[in-house]
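Accompanying notes for the structure given below.
Residue numbers (UniProt numbering): 1 to 642.
Laid out in structure tokens, this is it:
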């Protein structure tokens, strides 16, 4: 049966000689009750990040009428701070009462009193922790593991079957971390996050944000979605930290992301710990990015957020975050104001959407599988592509109104012929092929991406449009190979015979020697040359020069004045120039046309070149085929009259 404070003081007063040793005093204190009332059990240790004493914060919370269960409210705390007990300790050590009451007084008597493991306060703290139940809250962002919380209270909480969670993290998950140090750090980070997000503090008038901290923040994802301004609060706190303090939190976030053993269970990251670590990394990255944007370095800010997304996307942390970061990233923009520039905000949303599984259901799983084995450059490239698709080149900050997170389709899941047929009728698929995106978002407007008609299908009847059926076929093969390629994957057998290159994206797959080459040009004036086998060469928007060389090649120039170089030893080359603005160098000389000698036949003046028109295809000496030969410069070379 426990003693009341009055009982213990009376025992000490009536029998002073019985308590002339520290062991006797300690035994007496251990008989005093640790019971206390309160809705929420709160343990505390050390200082807040701004240097405020956590003890002072608790005192102010109690003074404000908060119904918390803390050791300060227990009978044993009242006994240990009583004049009678302090005087008894002083008598043993030869110290006056006034010195024992002085908080700044340093002496072995005080050392024993507050010893982290073997003093009366440690005993009381252990019993108080063993008396706790449910989710125990911890205010200890700067705690030291050698002090009472780390050395005594935390082991007690972990041993207490009635405690289900500590600072919002299920105890079962904490125990799977293994080492006491890892558990301690996880709780510290969670405590820091919850304090910083809610802004719990006190001033001369009152204590603020106590309800948010005590009753809302442990459901962190929901809290941040409803309170986007919390991201601004944690940024302010992070901005005040020293580099050493930030390093501690960064190390924890990185450990959560990268540890294959200690922080994972059964191959899958512990869910709540994943959220804690992932959000810590997000907060640190966002803080650094916002600071860079404030200083005018938008590119650096964008790079910071993109790098964060690269690190997290496809990781087990990203899987554990669920929809948290995606929702937070979107909500954040409403509170960001001028702090975050549009390009940075776009990357925050895209990175958050990727990491947080904004594209829900099966699509989120497919996205995770697509990215988890990619190297950093490939993931960064995909993030940029998503940002461009959703927000355009100018980098707006609003998600498209018609965006449905479930409408994310993955091209590699389809057969080649199905991809081509779908692209013929769906501009979203044509955009994906043009950008080499392995994904399609089909429920948004593509008007901003097609202002110049670059995504329109080529119509041989009218000559309108850009994208030919052959281009769709070759691009479909390329995008599937890009999606499959990663630094750890086995090369696709198709690449042993074929080489693909996109000059704009500087993307190439396969070997350019001894293979069939498919090369796509850029908007610049490109000189594109094939190899000895069957090549497909595509010009871009400028004046290109295409040389097929040996083999039966397909050459497509695109817009502007293109030049095709055909040599005598080449195979049968097929040419298609969608605007007909074209020059052909045949055996080193430009084709000069000829005289009409039959209904569909022309012969050059030197009788070395014969032109034969069959339908819309012009054959030149049987080794050059010009498709859709009904318009453009070459038509003028062939007079209509015999």
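Glycine included, every Cβ here is placed at the ideal spot set by N, Cα and C.
Open item on the list: Extract the residue ranges of the alpha helix (DSSP H) inside the region 119-175, only unbroken runs of 4 or more that lie entirely within it.
Closed with: Counting whole runs of 4 or more residues, the region 119-175 contains the alpha helix (DSSP H) stretches 120-130, 154-159 and 171-175.
Task: Bridge-paired residues (DSSP) for residue 617 - done: Note: residue 617 sits in a beta bridge opposite 614.
Task: Euclidean distance between Cα positions of residue 160 and residue 20 - done: Their Cα atoms are separated by approximately 33 Å.
TODO: Determine the burial state of residue 647: buried for a count of at least 16 other Cβ atoms within 10 Å of its Cβ, exposed for fewer.
DONE: The chain is shown only over 1 to 642; residue 647 falls outside these bounds and no answer can be derived.
Task: Extent of the continuous beta strand (DSSP E) run through residue 596 - done: Segment 595-598, the beta strand (DSSP E) holding residue 596.
Task: Integer-rounded CB distance, given that residue 191 should sit under 8 Å from residue 132 - done: That pair is no contact at about 16 Å.
Open item on the list: Tell me which residues share the same chain as residue 28 and place their Cβ nearer than 7 Å to its Cβ, disregarding the 5 neighbours each side in the sequence.
Closed with: Closer than 7 Å at the Cβ level, and outside the excluded window around residue 28, lie 8, 11, 12 and 19.
Open item on the list: If you measure between the beta carbons of residue 546 and residue 528, is that distance less than 7 Å?
Closed with: Result yes, Cβ atoms of residue 546 and residue 528 sit closer than 7 Å.
Task: Entirely enclosed alpha helix (DSSP H) segments - the region 433-487, minimum 4 residues - done: Those alpha helix (DSSP H) runs which fall completely within the region 433-487 and span 4+ residues are 469-484.
Task: Rounded separation between residue 170 and residue 180 - CA only - done: Computed Cα separation, rounded: 15 Å.
Task: Member of 240, 568, 279 and 537 whose CA lies at the smallest distance from the CA of residue 557 - done: When only C-alpha atoms are compared, the closest one is 537.
- [ ] To the nearest angstrom, report how far apart residue 442 and residue 281 are at their CA atoms.
- [x] Each residue's alpha carbon lies about 32 Å from the other.
Task: Range covered by the alpha helix (DSSP H) that runs through residue 8 - done: Counted as a single uninterrupted DSSP element, the alpha helix (DSSP H) harbouring residue 8 occupies residues 5-14.
Task: Segment contact flag, the region 85-95 with the region 47-60, C-beta cutoff 8 Å, min 3 pairs - done: Under the Cβ criterion (8 Å, minimum of three pairs), the region 85-95 does not count as touching the region 47-60.
Task: Inter-stretch contact at 8 Å, needing at least 3 Cβ pairs: the region 592-603 / the region 547-554 - done: Contact check between the region 592-603 and the region 547-554: fewer than three CB pairs, one atom from each, fall below 8 Å, which does not count as touching.
TODO: Give the straight-line distance between the Cα atoms of residue 336 and residue 24, rounded to the nearest whole angstrom.
DONE: Interpretation of residue 336 is limited by its pLDDT of 45, a score under 50 that renders its predicted location unreliable; no figure is taken from the coordinates.
Task: Alpha carbon of residue 81 to alpha carbon of residue 186, nearest angstrom - done: Rounded to the nearest whole angstrom, the C-alpha separation of residue 81 and residue 186 is 32 Å.
Task: Environment of residue 83 [buried if 16+ CB atoms lie within 10 Å] - done: Counting C-beta atoms within 10 angstroms of its own C-beta, residue 83 has fewer than 16 neighbours from the protein chains shown and is therefore classed as exposed.
Task: For residue 628, three-class secondary structure by DSSP - done: Looking at residue 628 - three-state DSSP - the assignment turns out to be coil, as it is neither helix nor strand.
Task: Cβ-based burial, residue 120 [other Cβ within 10 Å; buried from 16] - done: Buried is the call here.
Task: Identity of the residue in 55, 454 and 70 nearest residue 39 by Cα - done: Comparing Cα positions, the closest option is 70.
Task: CA nearest to the CA of residue 136, picked from 163, 614 and 535 - done: The shortest Cα separation from residue 136 among 163, 614 and 535 belongs to 163.
TODO: Identify the continuous alpha helix (DSSP H) that holds residue 54 and give its terminal residues.
DONE: Element bounds for residue 54: 54-63.
TODO: Report back the beta-carbon spacing between residue 420 and residue 494 to the nearest angstrom; my notes put them in contact at under 8 Å.
DONE: Incorrect: roughly 16 Å between the Cβ atoms, too far for contact.
TODO: Please work out which residues of its chain come closer than 8 Å, Cβ to Cβ, to residue 460, disregarding the five sequence neighbours upstream and downstream, and give them in chain order.
DONE: Around residue 460: 616, 627 and 628.
Open item on the list: Please report the distance separating the alpha-carbon of residue 570 from that of residue 623.
Closed with: Rounded to the nearest angstrom, the two C-alpha atoms are 8 Å apart.
- [ ] Would you mind sorting residue 276 into buried or exposed? The rule is 16 or more other CB atoms within 10 Å of its CB.
- [x] It counts as buried.
Open item on the list: In whole angstroms, give me the CA-to-CA distance for residue 22 and residue 278.
Closed with: Taking the straight line from one Cα to the other gives about 47 Å.
Task: Euclidean distance between Cα positions of residue 144 and residue 150 - done: Inter-residue distance for residue 144 and residue 150 is about 7 Å (C-alpha atoms, whole angstroms).
Open item on the list: Taking the straight line between their C-alpha atoms, what separation do you get for residue 539 and residue 254?
Closed with: Computed Cα separation, rounded: 45 Å.
- [ ] Keeping to the same chain, check which residues put their C-beta closer than 7 Å to that of residue 116; ignore five residues upstream and five downstream.
- [x] The answer, listed in chain order, is 122, 146, 147, 148, 151 and 152.
Task: Sequence ranges, alpha helix (DSSP H) only - wholly within the region 208-266, length at least 4 - done: Runs of the alpha helix (DSSP H) inside the region 208-266: 220-226, 229-240 and 243-258.
Open item on the list: By the three-class DSSP mapping on this structure, what secondary structure does residue 603 have?
Closed with: Correct three-state label for residue 603: strand.
Task: Chain-order list of residues whose beta-carbon lies under 6 Å from that of residue 437 (same chain, five-residue window excluded) - done: 385, listed in sequence order.
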